[in-house]
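Numbering (this note's numbering), first residue to last: -16 to 302.
Ideal placement from N, C-alpha and C gives every residue a C-beta, glycine not left out.
Source: prediction; values computed, not measured.
Presented below is the structure to which this report refers.
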Amino acid sequence: MTTIVETKELTQRYGGTTALSSLSLQIPQGAVYGFIGPNGAGKTTTMRILTTLLLPSSGEAWVAGNSVVRDRAAVRRSVGFMPDFFGVYEAMKSWEYLDFFAASYDIPTARRPKLIDDLLALVDLSHKRDAEVMGLSRGMKQRLSLARTMLHDPALLILDEPASGLDPRARVELRELLKELRSMGKTIMISSHILTELAEMSTHIGIIERGHLLASGDVATIMRSLQPHRTFAVHLLSDLAEAADLARGAPHVLDVRLLPEGEPPQIEIDVDGDDHAAGELLARLVQGGAIVTHFAGQVNDLEDIFMRVTQGSAYGGTN
Ligand SMILES: Nc1ncnc2c1ncn2[C@@H]1O[C@H](COP(=O)(O)OP(=O)(O)O)[C@@H](O)[C@H]1O
Ligand SMILES: [Mg+2]
């Protein structure tokens, strides 16, 4: 697996504020890396460093093997950056907008018309080729901006909160477009302060809060490492304590809690195992005489995990 982005102890200070604190992360080539954290976490700062718009106070980062400190021109050639707000070149037609930036990338005049038409088709804006940028919807402006980041055919796209302010339909379109870019072999780093925006489309995620990277890696590994066990809620018509004793003797059971005041009365069982372990646990309860009316694993989705991890940090806990 080739690493396309690597940061090593990246630190950024603004006066007395430390916006990034020894951030070390890696993004493999071809990944969709969801960079998630609340406002002020340091996402934009990280992205600005990776796109050479900002020099880090200390630490180092590489994009496609080139240092963002020493090989800035090379980094720029391999990165397309879509900032979190749209530029002010609105008194232009869509194709003129792209042509303007193509010129700034020194793309030869003869090559531009086809390139621009191809990119407009890719982002589904061919029908807006001659429309004023000003008149485009926010979703269309985002897609045009994305086309702009692709003009020099970079291997890595860094998109800062592209979904913010988009309506649900435009978000779906954005997600489809990212899928297509990925199938073209692009690596995509995309930030959001809303985890659910990114959960389904990311192959990897990094969770950042107050300049600290709390977790980073492929989605399945993060889910596993942050969620060492599953909790099952068991509703019973029979005696809770007897059922709890049965559960305690079962393999893979970590902890059992009685909730006699629950509605209905129930026990909670932490299980360190897969669905087979859960099935065996249920069989054991029933065979032991427990009258089970409900047996359900609580769904810990990424959102739950995110809440737990970020709260842990906010309250000084370990995670
Ligand atoms: N140019 C700047 N000058 C001073 N502080 C800044 C500047 N840019 C960002 N910050 C501070 O750095 C922290 C991280 O900001 P940022 O990277 O924009 O976070 P995010 O993109 O996750 O919302 C915040 O506390 C922010 O106020
Ligand atoms: Mg930001």
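*For Gln249, the three-state DSSP class (helix, strand or coil)*: strand
_Option in Leu241, His235 and Ile173 with minimal Cα separation from Ile10_ = Ile173
*Select from Leu241, Asp136, Ile250 and His176 the residue whose C-alpha is nearest the C-alpha of Met167.*
Cα-wise, what sits closest to Met167 is Asp136.
*Compare the C-alpha of Leu108 against each of Ala86, Leu81 and Ala260 and name the closest.*
Distance from the Cα of Leu108 is smallest, within the candidate group Ala86, Leu81 and Ala260, for Leu81.
_Minimum C-alpha distance to Leu242 - residue among Asp222, Gln12 and Ala261_ = Just measuring C-alpha positions, the residue of Asp222, Gln12 and Ala261 sitting nearest Leu242 is Asp222.
*Between Pro(-14) and ligand 1, is the CB less than 6 Å from at least one heavy atom?*
Sequence inspection shows Thr at residue -14; the Pro mentioned does not correspond to that position. Checking the 6 Å criterion, the Cβ of Thr(-14) is out of range of every heavy atom belonging to ligand 1.
*Excluding five sequence neighbours on each side, which residues of the same chain lie with their C-beta closer than 8 Å to the C-beta of Lys162?*
Taken in chain order, the residues that qualify are Met184.
*Can you name, in chain order, every residue of its own chain whose Cβ lies under 6 Å from the Cβ of Arg(-4), other than the five neighbours on each side?*
Ser40
*Classify Gln125 as buried or exposed, calling it buried when 16 or more other Cβ atoms lie within 10 Å of its own Cβ.*
buried
_For a test of the three-state rule: what should DSSP assign to Ala230, helix, strand or coil?_
helix
*Under 7 Å between C-beta atoms of Met65 and Thr132*: yes
*asked:* Across the region 243 to 254 and the region 210 to 219, are there enough close Cβ pairs to call them in contact, namely three or more that are closer than 8 Å?
replied: By the Cβ rule, the region 243 to 254 counts as touching the region 210 to 219, because three or more pairs are nearer than 8 Å.
*Quickly, what does DSSP pair His195 with across the bridge? List them, please.*
Looking at the DSSP assignment, His195 forms a beta bridge with Glu192.
*asked:* If you follow the alpha helix (DSSP H) that Ile74 is in, where does it begin and where does it stop?
replied: It is worth fixing the name first, because residue 74 is Ala in this sequence and not Ile. First-last for Ala74: undefined, no H or E at that position.
*Whose beta carbon lies closer than 6 Å to any heavy atom of ligand 1, going through the chain in order?*
Those residues are Tyr(-3), Thr0, Ala2, Gly20, Asn22, Gly23, Ala24, Gly25, Lys26, Thr27 and Thr28, given in chain order.
*For Thr204, count neighbouring Cβ atoms within 10 angstroms of its own Cβ and tell me buried if that reaches 16, exposed if not.*
exposed
*Which residues in the same chain as Leu105 place their Cβ atom closer than 6 Å to its Cβ, once the five residues preceding and following it in sequence are excluded?*
none
*Which of helix, strand or coil DSSP assigns to Lys169*: coil
*Return the CA-CA distance between Met(-16) and Leu140, expressed in angstroms with no decimal places.*
Using only the alpha carbons, I get a separation of about 18 Å.
*Mind checking which residues open and close the beta strand (DSSP E) that includes Gly13?*
That residue, Gly13, is in no beta strand (DSSP E); it is neither H nor E in DSSP.
*Residue range of the beta strand (DSSP E) that Ser120 falls in?*
Looking at the DSSP string, Ser120 is not in any beta strand (DSSP E), and its letter there is neither H nor E.
*Hey, would you say His212 sits closer than 7 Å to Asp150, going by beta carbons?*
no
*Cα-Cα separation between Ala182 and Ile19, rounded to whole angstroms*: 10 Å
*Specify, as a first and last residue, the run of the beta strand (DSSP E) that Gln(-5) falls within.*
Thr(-14) to Tyr(-3)
*asked:* Let me confirm a value: Tyr16 is counted as buried when at least 16 other C-beta atoms fall within 10 Å, else exposed. Which label applies?
replied: buried
*From Pro91 to Arg60, what does the alpha carbon distance come to, in whole angstroms?*
Their Cα atoms are separated by approximately 16 Å.
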